[in-house]
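Visitor: Residue numbers (the UniProt record's numbering): 1 to 108.
#1: What is the rounded straight-line gap between the Cα of residue 83 and the Cα of residue 15?
#2: Once the 5 residues before and after residue 9 are set aside, which same chain residues still bring their CB inside 7 Å of it?
#3: For residue 66, which residues in the same chain have their Cβ closer than 8 Å to its Cβ, ignoring the five residues on either side in sequence?
#4: If I measure Cβ to Cβ from residue 95 and keep anything under 6 Å in the same chain, skipping five residues before and after, which residues do I get?
#5: DSSP beta-bridge partners for residue 85?
#6: Kindly indicate the opening and closing residues of the beta strand (DSSP E) around residue 24.
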(Lines of atoms letter the chains of each structure in order from A and count residues from 1; the text may use other names and numbers.)
(Lines give C-alpha, C1' and ligand atoms only; values in the text may rest on other atoms or scores of the structure.)
Protein backbone atom coordinates (compact mmCIF):
# COMPACT_ATOMS: atom_id res chain seq x y z
CA UNK A 1 0.00 0.00 0.00
CA UNK A 2 1.11 3.55 -0.70
CA UNK A 3 -0.21 6.80 0.72
CA UNK A 4 0.22 10.29 -0.72
CA UNK A 5 -1.19 13.55 0.62
CA UNK A 6 -2.46 15.65 -2.28
CA UNK A 7 -1.22 18.86 -0.64
CA UNK A 8 2.34 17.55 -1.06
CA UNK A 9 2.10 17.24 -4.86
CA UNK A 10 -0.02 20.22 -5.95
CA UNK A 11 2.80 22.26 -7.47
CA UNK A 12 1.09 24.52 -9.97
CA UNK A 13 3.12 25.77 -12.96
CA UNK A 14 2.47 29.30 -14.23
CA UNK A 15 3.02 28.75 -17.96
CA UNK A 16 1.03 25.53 -18.59
CA UNK A 17 -1.16 22.94 -16.94
CA UNK A 18 0.67 20.15 -15.14
CA UNK A 19 0.14 16.45 -14.46
CA UNK A 20 1.57 14.96 -11.30
CA UNK A 21 1.68 11.17 -11.35
CA UNK A 22 0.40 9.40 -8.25
CA UNK A 23 0.23 5.63 -8.70
CA UNK A 24 0.90 3.41 -11.70
CA UNK A 25 0.41 -0.33 -11.61
CA UNK A 26 -0.46 -2.65 -14.48
CA UNK A 27 -3.31 -1.14 -16.51
CA UNK A 28 -4.01 1.58 -13.90
CA UNK A 29 -2.41 5.05 -14.00
CA UNK A 30 -3.50 7.86 -11.67
CA UNK A 31 -2.47 11.48 -11.47
CA UNK A 32 -3.50 15.01 -10.62
CA UNK A 33 -4.24 17.50 -13.37
CA UNK A 34 -3.36 20.99 -12.12
CA UNK A 35 -4.66 24.15 -13.77
CA UNK A 36 -4.20 27.78 -12.83
CA UNK A 37 -6.84 30.23 -14.12
CA UNK A 38 -7.03 30.21 -17.92
CA UNK A 39 -4.97 27.05 -18.44
CA UNK A 40 -6.24 24.34 -20.78
CA UNK A 41 -5.67 20.87 -22.13
CA UNK A 42 -6.57 20.82 -25.84
CA UNK A 43 -9.24 18.44 -27.11
CA UNK A 44 -7.82 14.97 -27.70
CA UNK A 45 -8.82 11.31 -27.54
CA UNK A 46 -7.34 7.94 -26.68
CA UNK A 47 -8.04 4.80 -28.68
CA UNK A 48 -6.93 2.45 -25.91
CA UNK A 49 -7.60 4.25 -22.60
CA UNK A 50 -10.78 4.79 -20.56
CA UNK A 51 -10.56 7.72 -18.12
CA UNK A 52 -12.38 8.87 -15.00
CA UNK A 53 -12.00 12.45 -13.76
CA UNK A 54 -12.96 13.56 -10.23
CA UNK A 55 -12.95 17.28 -9.47
CA UNK A 56 -11.14 17.72 -6.14
CA UNK A 57 -11.29 21.51 -6.05
CA UNK A 58 -12.16 24.43 -8.30
CA UNK A 59 -14.31 24.55 -11.39
CA UNK A 60 -14.01 24.78 -15.14
CA UNK A 61 -15.24 23.34 -18.40
CA UNK A 62 -14.68 19.95 -19.96
CA UNK A 63 -15.43 19.63 -23.65
CA UNK A 64 -16.74 16.21 -24.62
CA UNK A 65 -17.17 15.55 -28.34
CA UNK A 66 -17.20 19.34 -28.96
CA UNK A 67 -19.87 19.98 -26.28
CA UNK A 68 -18.72 22.17 -23.35
CA UNK A 69 -19.94 21.05 -19.92
CA UNK A 70 -19.43 23.06 -16.72
CA UNK A 71 -17.93 20.99 -13.91
CA UNK A 72 -17.12 21.80 -10.31
CA UNK A 73 -15.85 20.31 -7.07
CA UNK A 74 -17.16 16.78 -6.37
CA UNK A 75 -18.29 16.16 -9.97
CA UNK A 76 -17.13 12.92 -11.57
CA UNK A 77 -16.85 12.28 -15.31
CA UNK A 78 -16.29 9.07 -17.27
CA UNK A 79 -14.65 9.41 -20.69
CA UNK A 80 -14.51 6.10 -22.59
CA UNK A 81 -11.84 5.39 -25.18
CA UNK A 82 -12.47 7.08 -28.52
CA UNK A 83 -14.30 10.05 -26.97
CA UNK A 84 -12.79 13.50 -27.61
CA UNK A 85 -12.27 15.56 -24.45
CA UNK A 86 -10.41 18.66 -23.27
CA UNK A 87 -10.22 20.93 -20.21
CA UNK A 88 -10.39 24.68 -19.61
CA UNK A 89 -10.05 26.41 -16.23
CA UNK A 90 -12.55 29.23 -16.75
CA UNK A 91 -12.50 30.27 -13.08
CA UNK A 92 -10.34 32.72 -11.13
CA UNK A 93 -8.91 30.02 -8.82
CA UNK A 94 -6.74 26.92 -9.16
CA UNK A 95 -8.37 23.72 -10.37
CA UNK A 96 -7.37 20.20 -9.22
CA UNK A 97 -8.65 17.12 -11.07
CA UNK A 98 -7.94 13.49 -10.15
CA UNK A 99 -7.34 11.50 -13.33
CA UNK A 100 -7.73 7.72 -13.37
CA UNK A 101 -6.59 6.07 -16.61
CA UNK A 102 -7.32 2.44 -17.41
CA UNK A 103 -5.32 0.94 -20.28
CA UNK A 104 -7.49 -1.41 -22.32
CA UNK A 105 -6.11 -4.85 -23.15
CA UNK A 106 -4.31 -5.09 -26.49
CA UNK A 107 -6.12 -7.00 -29.23
CA UNK A 108 -4.39 -10.24 -30.09
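Every residue gets a Cβ at the ideal spot worked out from N, C-alpha and C, and that includes glycine.
All values derive from a computational prediction rather than experimental measurement.
Guide: According to the structure shown:
#1: 27 Å
#2: 20, 32
#3: 43, 84
#4: 35, 58, 60, 89
#5: 44, 64
#6: 18 to 25
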